[in-house]
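First residue of the sequence shown: -1, per our numbering; consecutive thereafter.
Cβ coordinates follow ideal geometry from the N, Cα and C atoms, glycine included.
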Amino acid sequence: MAISIKGVNTGVIRKSNNFIALALKIKEPRNKESLFFMSAMELRDLLIALESRLHQKHKLDAAARLQYEQARDKVIKKMAENIPEILVDELKNADINRRVNTLELTDDQGENLTFVLTLHDGSKCELVVNELQIEMLARAIIHAINNAEMRELALRITSLS
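As structure tokens, then:
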């Protein structure tokens, strides 16, 4: 079953000054919540796909870009109203089976990006990101990394920081 995004929250798990994982909590349309833990490599792959789509949007002509930005701003406002809470206990006692071992972009046609996440326990989840949600998702990831004072990691995995 595909996971669609209604809201997102992120947090960094670290040991001393070492990055362990990024917690990505997704609130779905029926208020179900899913929590994933991503290593730097999976984060990099996710951000590359997000950046690529954002780059395409920046190439739009002025009228199309304005229309896109207005629609995006409405979606971002809605997402900001639906940020799921990440509990400290969820980070301290992270479920290893929710760790993303691989992330694969399987469909980038149309207005959605579809990723297949293979989790540590071997199960697979399909994550659907609408192009209007990309900027908010990317910002949430970079914000968490910067808040954890891991700017060097942010610079290594993205050009968005």
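Spatial neighbours of residue i in its chain, beta-carbon cut-off 8 Å, leaving aside the 5 residues before and after
{"i": "Ser159", "result": "Because Ser159 sits at a pLDDT of 45, beneath the cut-off of 50, its placement in the model cannot be relied upon, and the following sentence gives the value as read from the coordinates. Cβ neighbours of Ser159 beyond the five flanking positions: Ile140, Ile143, Asn144, Arg149, Ala152 and Leu153."}
{"i": "Leu44", "result": "Met36, Leu101, Phe113 and Ile139"}
{"i": "Pro82", "result": "Gly5, Val6, Asn7, Lys23, Ile24, Lys25 and Glu31"}
{"i": "Glu88", "result": "Ala21, Lys23 and Leu33"}
Residue of the options minimising C-alpha distance to residue i
{"i": "Val114", "options": "Val98, Gly108 and Asn128", "result": "Val98"}
{"i": "Arg12", "options": "Ala69, Lys4 and Ala21", "result": "Ala21"}
{"i": "Met134", "options": "Gln65, Leu64 and Ile24", "result": "Ile24"}
{"i": "Asn128", "options": "Arg42, Glu26, Lys90 and Glu83", "result": "Glu26"}
{"i": "Phe34", "options": "Arg137, Leu125 and Asp106", "result": "Leu125"}
{"i": "Ala69", "options": "Leu130, Arg137, Asp106 and Ala19", "result": "Leu130"}
{"i": "Leu103", "options": "Ile46, Ile155 and Asp87", "result": "Ile46"}
Other residues of its chain near residue i: CB distance less than 6 Å, five sequence neighbours each side excluded
{"i": "His118", "result": "Ile94, Asn95, Arg97 and Asn99"}
{"i": "Thr116", "result": "Asn99, Thr100 and Lys122"}
Burial state of residue i, where buried means 16 or more other Cβ atoms lie within 10 Å
{"i": "Gly108", "result": "exposed"}
{"i": "Glu40", "result": "buried"}
{"i": "Ala61", "result": "exposed"}
{"i": "Lys4", "result": "buried"}
{"i": "Ile132", "result": "buried"}
{"i": "Ala19", "result": "buried"}
Residue i versus residue j: straight-line alpha-carbon distance, rounded
{"i": "Ser50", "j": "Glu67", "result": "17 Å"}
{"i": "Asn16", "j": "Ala146", "result": "10 Å"}
{"i": "Met36", "j": "Leu58", "result": "32 Å"}
{"i": "Ala0", "j": "Ser14", "result": "35 Å"}
{"i": "Gly120", "j": "His53", "result": "33 Å"}
{"i": "Asp105", "j": "Arg137", "result": "22 Å"}
{"i": "Ala38", "j": "Arg28", "result": "29 Å"}
{"i": "Ala78", "j": "Val86", "result": "20 Å"}
Cβ neighbours of residue i in the same chain (closer than 7 Å, five flanking residues each side left out)
{"i": "Ile84", "result": "Asn7, Gly9, Ala21 and Lys23"}
Complete runs of the alpha helix (DSSP H) confined to the region 6 to 73 [at least 4 residues]: 38 to 56
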